[in-house]
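The sequence shown runs contiguously to residue 342 in full-length UniProt numbering.
A virtual CB, placed ideally from N, CA and C, is assigned to each residue, including glycine.
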Amino acid sequence: MTQNVAILGASGYTGAELVRLIATHPSMRIVALSGDRKAGMRMGEVFPHLRHLDLPVLQKIEDIDFSAVDLAFCALPHGTSQPVIRDLPSDLKIVDLSADFRLRDPAEYEKWYGKPHVALELQKQAVYGLTEFYRDEIRSARLCAGTGCNAATGQYALRPLIEAGVIDLDDIIIDVKAGVSGAGRSLKENLLHAELSGGTMPYSAGGKHRHLGEFDQEFSKLAGRDVRVMFTPHLMPFNRGILATVYVKGDAAAVHEALAARYADEVFLEVLPFGQVASTRSIAGSNYVHVGVVADRIAGRATVTVALDNLCKGSSGQAMQNANLMLGLEETAGLMLAPVFP
1 MTQNVAILGA
11 SGYTGAELVR
21 LIATHPSMRI
31 VALSGDRKAG
41 MRMGEVFPHL
51 RHLDLPVLQK
61 IEDIDFSAVD
71 LAFCALPHGT
81 SQPVIRDLPS
91 DLKIVDLSAD
101 FRLRDPAEYE
111 KWYGKPHVAL
121 ELQKQAVYGL
131 TEFYRDEIRS
141 ARLCAGTGCN
151 AATGQYALRP
161 LIEAGVIDLD
171 DIIIDVKAGV
181 SGAGRSLKEN
191 LLHAELSGGT
201 MPYSAGGKHR
211 HLGEFDQEFS
221 KLAGRDVRVM
231 FTPHLMPFNR
241 GILATVYVKG
251 DAAAVHEALA
261 ARYADEVFLE
271 VLPFGQVAST
281 RSIAGSNYVH
291 VGVVADRIAG
301 RATVTVALDN
311 LCKGSSGQAM
321 QNANLMLGLE
331 ETAGLMLAPV
341 FP
């Protein structure tokens, strides 16, 4: 049975990535696309790499007829999804790719995003979208809140270790290298080629990055106590990908064993042989995640590396994986594309 889907915010990177993935999905059909500033244009004009597809013309959200839509992907900027989703039909399934419903505590949302939450009833319904850990809740959800791409990467490294009790919860450092597409498609001076190419720099250092709200929420819930990690992301001069290098205190062999055991049955999670490290080159354009563990020269210390594609598994691929569950489809449908190399 074909499921009709709409993509709100289709003129951004995550919207375009959704279109690319759904183009090969056996059971999904795109029946509506929105792009406020691009309304009236065809996707092939906005994204020439999608020119070969027969797609609806971009339109404003208020002009979309949702009566024949089974699920809507909301790929709008942070802070704009809440009022839009609040006004959508109450029986419409929604996967939100923004940060607007990730944090369960409205006070935490206001702390990290600088504005009060305006859809508190919907927030109570939202299910956190880290698929491998919330699969059962996502299946029955009406609203699924996609994770932050950095937050997903760090959690893939650490959740199994917290669950297994093999690391010191008070000694965790997450260092992330993130591709520039994670900053979105809006024009920004620091993202100009001359400003970014040939160098790198940390940003939101000193515990200021918004994805710390997700780390605090999820790790503390999992551990049953407050867990606060050190986290610094770095902006890298490549288009796609995130590499997390996570430093933990614990036996490296036990760390590797815990990760391998937890992800043994997960299609998209690949734990590398002990001593190997993950690379963004090996997962580009795919929904796969590579996880590696290396023992440090200091006894009782380990380094965990995790690589994923921020636009796919970190955002749009994750969204489609969750939509498959919500629609009763095969979870992996449309997502088995091999990574692009070189």
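{"Asked": "How should H25 be labelled, buried or exposed, when 16 other C-beta atoms within 10 angstroms of its C-beta is the threshold for buried?", "Found": "buried"}
{"Asked": "Grouping DSSP H, G and I as helix and E and B as strand, with all else coil, what is E331?", "Found": "coil"}
{"Asked": "Is it true that the CB of L55 sits closer than 8 Å to the CB of V19?", "Found": "yes"}
{"Asked": "I'd like to know whether the C-beta atoms of N4 and A75 end up nearer to each other than 8 Å.", "Found": "no"}
{"Asked": "How many Å lie between S220 and D226 at the Cα?", "Found": "5 Å"}
{"Asked": "Quick check: K60 and S81, are their CB atoms within less than 8 Å of each other?", "Found": "no"}
{"Asked": "Touching or not, the segment 147–163 and the segment 204–217, by the rule of three or more beta carbon pairs under 8 Å?", "Found": "yes"}
{"Asked": "Given G275, which residues of its chain have a CB within under 7 Å of its CB, disregarding the five upstream and five downstream residues?", "Found": "V294"}
{"Asked": "Hey, could you find the ends of the alpha helix (DSSP H) R20 is sitting in?", "Found": "Y13 to I22"}
{"Asked": "Helix, strand or coil for E270 per DSSP?", "Found": "strand"}
{"Asked": "How would you write the range of the alpha helix (DSSP H) that T153 sits in, first residue to last?", "Found": "C149 to A164"}
{"Asked": "Among A178, T232 and A307, which one has its Cα closest to the Cα of residue 347?", "Found": "Because the chain spans 1 through 342 in this model, residue 347 falls outside it and cannot be assessed."}
{"Asked": "Taking the Cβ atom as the reference point for each residue, do P339 and Y288 lie within a distance shorter than 8 Å?", "Found": "yes"}
{"Asked": "Exposed or buried, N239, counting other C-beta atoms within 10 Å across all chains shown (16 or more means buried)?", "Found": "exposed"}
{"Asked": "Which residues does DSSP pair with V246 in a beta bridge?", "Found": "I174 and V304"}
{"Asked": "Specify the secondary structure class of L58 as computed by DSSP and reduced to three states.", "Found": "strand"}
{"Asked": "Which partner residues of A260 appear in the DSSP bridge assignment?", "Found": "Partner(s): none; A260 has no beta bridge."}
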